[in-house]
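Chains as they are written, first to last, in my numbering: chain R, 464 to 576; chain W, 234 to 515. Positions of the beta carbon are idealized from the N, C-alpha and C atoms, including for glycine. I have placed the structure first, in the form of structure tokens, so that the comments after it can refer back to it.
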Amino acid sequence: MSAISTASPAAAVVNGGCGAPAGAALDGVDLSRAAVVTGVVRRDGAPLAGAYVRLLDSSGEFTAEVITGDEGAFRFFAAPGSWTLRTLAPRAATVDRDVRSALGTVAEVTIDL
Amino acid sequence: MTTARERVLVNADWVQAHLADPKVVLVEVDEDVSAYDKGHIAGAVKLDWREDLQDPVRRDFVDKAGFEALLSARGINRDDTVVLYGGNNNWFAAYAYWYFKVYGHEDVRLLDGGRKKWELDSRDMVADVPTRPASSYVASGPDTSIRAFRDEVVASIGTKNIVDVRSPDEYTGRLLAPAHLPQEQPNRPGHVPTALNVPWSKAAADDGTFKSDEALSALYGGLDRSKSTIAYCRIGERSAHTWFVLHELLGLADVRNYDGSWTEYGSLVGVPVALGDEPGAA
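Pasting the structure below:
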């Protein structure tokens, strides 16, 4: 089992725009060392704030959970690999979506409830 | 007979029925300290885990006098029933619960499922901040029998139960922090040798409520009940959740929360660290 790399590849800092939704902006994050999973939760095509998105690892174990912001956005700093996004929201059935993450990339997922 | 669970845990219906009870004080504690300002349960006061519960200079609790001043300002009395709840599946509410116990508050309870369950049930939330007359709170303690410090953790390797309640990826060393946080952290990855990995999340359902006593007993079946237990995570809030399960729900005798946790242990010079899926040798 390897530890997290301590090598420092060339920094590739991404700046989110001013309108980036709270909780999902990537300002100041060194993406070359991150495996980001981000996305939007929608209901009837409209962004849904206040949904709970949990990141489950390949064995189904909980790794993290966030609440979507005003733009329905969520974001995780995952390790590279396979993950499941489980979304819970009031008056909605639970939705599971699989996603793969890799170092230096941003995996984007749209979740429709 | 009142069970341990009934003394320390209340459900949303109980809270709803006690909203006007003057001896019941609802207290919200969140990691996202802006959550309360966007809406909270009617009558609830806010505790900011960082501003209110940490010493502003050293890495430690506020002292007894500071805790007394804080609770007095919030209008909480020593004989009140304090019901804590919050986001992140009650992580910081459980931390505050443990903290209230360190300073001797007798009747503290958690709202099962916390803020998430309340929201998922579409129960009412308000923006109004209540005004409570200031009290003269007198604390006791601190009770260090429920708190572990670093030297004790090092000495416990191979002699006590040590439970690492972080996610498997943090335990093995693949992640340095929960995945909703950036991963650039100053401490080394890994876990305390011999620590069992029982993620806090296994003790709760998806909606944040605690599992049944039977399920919880089975979950911690790997612990040697004849030994003392130390729980840790990254900064001590998720392990407070596990401390609540082990000490308050299951009634294990000597359970301590190591709130220095991995951010401290993983920065110590000269201590053993294990990497990978196995607990590792003492």
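Interface residues of chain R around Leu353 (chain W) at Cβ under 8 Å? Those within 8 Å of Leu353 (chain W) in chain R are Tyr515, Leu551, Ala552, Pro553.
I'd like to know whether the C-beta atoms of Arg291 (chain W) and Ala381 (chain W) end up nearer to each other than 8 Å. No, the Cβ-Cβ distance between Arg291 (chain W) and Ala381 (chain W) is not below 8 Å.
Tell me which same chain residues have a C-beta within less than 7 Å of the C-beta of Phe301 (chain W), skipping the five on either side of it? Note that residue 301 (chain W) is Glu in the sequence shown, not Phe. Tyr370, Val371, Ala372, listed in sequence order.
Buried versus exposed, by CB contacts within 10 Å (16 or more), Ala565 (chain R): With fewer than 16 other Cβ atoms within 10 Å, it is exposed.
Counting only beta-carbon separations shorter than 8 Å, does Gln416 (chain W) have a partner in chain R? Chain R, which has a Cβ nearer than 8 Å to the Cβ of Gln416 (chain W), makes this yes.
Of the residues that make up the segment 523-536 of chain R, which ones have a beta carbon closer than 9 Å to any beta carbon in chain W? Per Cβ criterion, the list reads Glu524, Phe525, Thr526, Ala527, Glu528, Val529, Ile530.
Comparing alpha-carbon positions, which option in R:Thr550, R:Leu489, R:Asp493, R:Ala512 lies nearest Phe525 (chain R)? For the residues R:Thr550, R:Leu489, R:Asp493, R:Ala512, the minimum Cα distance to Phe525 (chain R) belongs to R:Thr550.
8 Å contact criterion, which Val315 (chain W) and Asp285 (chain W) should meet: CB distance rounded: With 8 Å as the limit, Val315 (chain W) and Asp285 (chain W) do not qualify as a contact, their Cβ atoms being about 14 Å apart.
Where does the unbroken beta strand (DSSP E) through Glu301 (chain W) begin, and where does it stop? Boundaries for Glu301 (chain W): no beta strand (DSSP E) harbours it, while the alpha helix (DSSP H) harbouring it runs 297-306, taken from the DSSP string.
So, does the CB of Asp559 (chain R) fall closer than 8 Å to a CB anywhere in chain W? No - not a single Cβ of chain W is within 8 Å of the one on Asp559 (chain R).
Within 8 Å of any Cβ in chain R, is that where the Cβ of Leu408 (chain W) sits? Yes, because at least one Cβ of chain R sits closer than 8 Å to the Cβ of Leu408 (chain W).
Can you grab the Cα-Cα spacing for the pair Val565 (chain W) / Asp533 (chain R), in whole Å? With chain W covering only 234 through 515, there is no way to say anything about residue 565 (chain W).
Bridge partners for Asn394 (chain W) per DSSP, in chain order? Answer is W:Thr462, bridged to Asn394 (chain W).
I'd like to know whether the C-beta atoms of Thr573 (chain R) and Arg505 (chain R) end up nearer to each other than 8 Å. One thing to note: Thr573 (chain R) has its Cβ within 8 Å of the Cβ of Arg505 (chain R).
The alpha helix (DSSP H) spanning Asn322 (chain W) covers which residue range? Its alpha helix (DSSP H) spans residues 320-335.
Bounding residues of the alpha helix (DSSP H) (the contiguous stretch that carries Asp270 (chain W)): Membership of Asp270 (chain W) in the alpha helix (DSSP H) is indicated by the continuous run 268-271.
State yes or no: is the C-beta of Glu264 (chain W) within less than 8 Å of the C-beta of Phe325 (chain W)? Closer than 8 Å, so yes.
Does the separation of the CB atoms of Leu343 (chain W) and Phe477 (chain W) fall below 8 Å? With contacts defined by Cβ atoms closer than 8 Å, Leu343 (chain W) and Phe477 (chain W) form a contacting pair.
With a cut-off of 8 Å, does the C-beta of Pro484 (chain R) fall near any C-beta of chain W? Summary for Pro484 (chain R): the model assigns pLDDT 34, below 50, so the residue's position carries little reliability; its value from the coordinates is reported in the next sentence. Cβ-Cβ to chain W under 8 Å: no for Pro484 (chain R).
List the residues of chain R that Pro419 (chain W) touches, going by C-beta distances under 8 Å, in chain order. Neighbours of Pro419 (chain W) on chain R: none; closest Cβ ~12 Å, over 8 Å.
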